[in-house]
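Residue numbers (UniProt numbering): 1 to 112.
Backbone N, C-alpha and C fix where the C-beta goes; we use that ideal spot for every residue, glycine too.
Below is one structure; the comments refer to it alone.
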């Protein structure tokens, strides 16, 4: 993958879709609309995986993406989720290095 794969520091699921869309848009990828395409999601009646005990997995994952991709705008994320600003989302240095290597635009560009 030219723009890299999933963030291995994210746990189970939640936030990976946003992280990937920020990365594709900000790092020169393209998104194409295919009018004849259909996308769906079938929920299972059981979870084949478990979430780590008493952790806000989705919150920690989205904090990781805020730290890597949202630049100064991450403060807006933390306004709504101040408990996540403590930095318990793990090491994001590899993801920041990927962003630098790909010469991605900043988040302000993304919003424009």
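Worksheet entry | Euclidean distance between Cα positions of residue 109 and residue 26 | Position 109 of the chain shown holds residue 109. Position 26 of the chain shown holds residue 26. About 8 Å.
Practice prompt. Go ahead and label residue 76 buried or exposed: buried means 16 or more other beta carbons lie within 10 angstroms of its beta carbon, across all protein chains shown.
Written response: Translated into the one-based positions of the chain shown, residue 76 becomes position 76. With fewer than 16 Cβ atoms within 10 Å of its Cβ, residue 76 is classed as exposed.
Item to complete: Give the straight-line distance between the Cα atoms of residue 111 and residue 20, rounded to the nearest whole angstrom.
Response: Taking the first residue of the chain shown as 1, we reach residue 111 at position 111. Taking the first residue of the chain shown as 1, we reach residue 20 at position 20. So the alpha carbons of these two residues sit roughly 16 Å apart.
Worksheet item: Residue range of the alpha helix (DSSP H) that residue 73 falls in?
Response: Your numbering for residue 73 matches position 73 in the chain shown. Run containing residue 73: none; DSSP gives neither H nor E here.
Worksheet entry | residue 67 classed as buried or exposed, judged by whether at least 16 other C-beta atoms fall within 10 angstroms | Numbered from its first residue, the chain shown carries residue 67 at position 67. Its Cβ being crowded by 16 or more others within 10 Å, residue 67 is buried.
Fill in: Integer-rounded CB distance, given that residue 5 should sit under 8 Å from residue 64
Here residue 64 is taken as the residue at index 64 of the chain shown, counted from 1. Here residue 5 is taken as the residue at index 5 of the chain shown, counted from 1. With a Cβ gap of about 15 Å, residue 64 and residue 5 do not count as contacting.
Worksheet item: Are the stretch 54–62 and the stretch 31–40 touching, with three or more C-beta to C-beta distances below 8 Å?
Response: no
Worksheet item: What separation, rounded to the nearest whole angstrom, lies between the Cα atoms of residue 102 and residue 3?
Response: Indexing the chain shown from 1 puts residue 102 at position 102. Indexing the chain shown from 1 puts residue 3 at position 3. For residue 102 and residue 3, the distance between alpha carbons rounds to 7 Å.
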